[in-house]
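**Q**
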DNA sequence: ACCTCAATGAAAAATATTATCATTTTCCAT
DNA sequence: ATGGAAAATGATAATATTTTTCATTGAGGT
Ligand SMILES: [Mn+2]
Ligand SMILES: [Mn+2]
Ligand SMILES: [Zn+2]
Ligand SMILES: [Zn+2]
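Protein chains in written order, with this note's numbering: chain A, 63 to 217; chain B, 63 to 217.
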């Protein structure tokens, strides 16, 4: 019985292994931050994360939030997105979820994820990427497309 | 003779007309800022512009630089680009120059313009844009592709 | 259980951007 | 050209965001 209890408690936390792989400690702050992203979704600023943590009665200093957002970024767990509102936002990169772009309303700031990508689109971007790698001598790890316009309510 | 002189002096300054069209005054600060972009090229931060102005002995307050970068942005003369370095950069949108994307080295921060776009690429992006407009109900005015990776020296 | 060093919190500092307001400049009507 | 209204500017203060500092805490290996 006790063994069973331990198992179900530890199983969802393969984050522990991820941190270990990076020689980083799986601290409660780090887990709590990841939990916020898993529960509260995308496009969170440092302040957003900080507020969500407070709401959950998990006290984490704002400096620690910044430090760990940067760490998770370097670990490839988060990616940084910029919507031109003067602060950085982060979202989780899930292997499960499709890669996506962003559609931004330049009037009200609304952000929409563009998830569906056709096979054709996928191929095209791979092609463009290869071409750029050759032309510029870069190794390209990722890309990000932002579309700007007016949302249904603002147009 | 005099008429000729006036003509060649005023001709390059159709900026005057542009400002007039927007009911904005063609002040010396604004012209000086545009001159910096014409001479010093792309990817300038507010501070960069400010420094270039000082170097040219043209004294413009930093607040005025910020105000006018924003104005030129709204007028569609500049576009804002973000390379994840904590400050906003601006570059001129020239009808003459080709639209371009950016390739960013995530280690050293180097930024490369990707200018050449094939007919195929152009068509593809128009297609994607149309599709998104339908699907999301947005009107899309522009887009921007960022590629991230390692530059030849950092790879 | 102990020990070491990474991680953290609180606060100060550094950066970047925006707001305020008195003064100056532009530009339009005379 | 001159005068005047209104916009634009400069200096500075204020705000917002992110980073640094450093004493204390806690994670994880032994
Ligand atoms: Mn997203
Ligand atoms: Mn560019
Ligand atoms: Zn909108
Ligand atoms: Zn590099």
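We treat Cβ as the ideally placed atom computed from N, Cα and C, and that holds for glycine. What you are looking at is a predicted structure, and each value in this text was computed from that prediction instead of being measured.
Which residues in chain B have a C-beta closer than 8 angstroms to the C-beta of residue 204 of chain A? List them in chain order.
**A** Using a Cβ-Cβ cut-off of 8 angstroms, residue 204 of chain A is close to 209, 210, 211 of chain B, given in chain order.
**Q** Using a Cβ-Cβ distance under 9 angstroms, would residue 176 of chain A count as near chain B?
**A** yes
**Q** Just the residues with CB closer than 5 angstroms to a heavy atom of ligand 3, in chain order, which are they?
**A** A/167, A/169, A/170, A/172, A/213, A/216
**Q** What three-state label does DSSP hand residue 202 of chain A in the structure shown?
**A** Looking at residue 202 of chain A - three-state DSSP - the assignment turns out to be strand.
**Q** Please determine whether the Cβ atom of residue 162 of chain A lies at a distance below 8 angstroms from any heavy atom of ligand 1.
**A** yes
**Q** Bridge partners of residue 154 of chain B, per DSSP?
**A** B/140
**Q** In chain A, what lies closer than 7 angstroms to residue 130 of chain B by C-beta?
**A** Result: empty, since nearest Cβ-Cβ is about 17 angstroms, beyond 7 angstroms.
**Q** I'd like the span of the alpha helix (DSSP H) that includes residue 79 of chain A, first residue to last.
**A** 77-83
**Q** Looking at the C-beta of residue 153 of chain A, does it have a partner C-beta in chain B at a distance below 9 angstroms?
**A** Answer no: the Cβ-Cβ gap between residue 153 of chain A and chain B never drops below 9 angstroms.
**Q** Looking at the strands, I want to know which residues DSSP matches up with residue 209 of chain B.
**A** A/205, B/165
**Q** Does any residue of chain A bring its CB to less than 9 angstroms from the CB of residue 81 of chain B?
**A** no
**Q** Run through DSSP, which three-state label would residue 110 of chain B get?
**A** helix
**Q** For residue 65 of chain A and residue 76 of chain A, what's the separation of their Cα atoms in angstroms?
**A** Here residue 65 of chain A scores only 36 on pLDDT, less than 50, and its place in the model should not be relied on; the value that follows carries that caveat. Cα to Cα, residue 65 of chain A sits roughly 18 angstroms from residue 76 of chain A.
**Q** Note down, in chain order, each residue of its chain lying with its Cβ closer than 6 angstroms to the Cβ of residue 195 of chain B, except the 5 sequence neighbours on either side.
**A** 202
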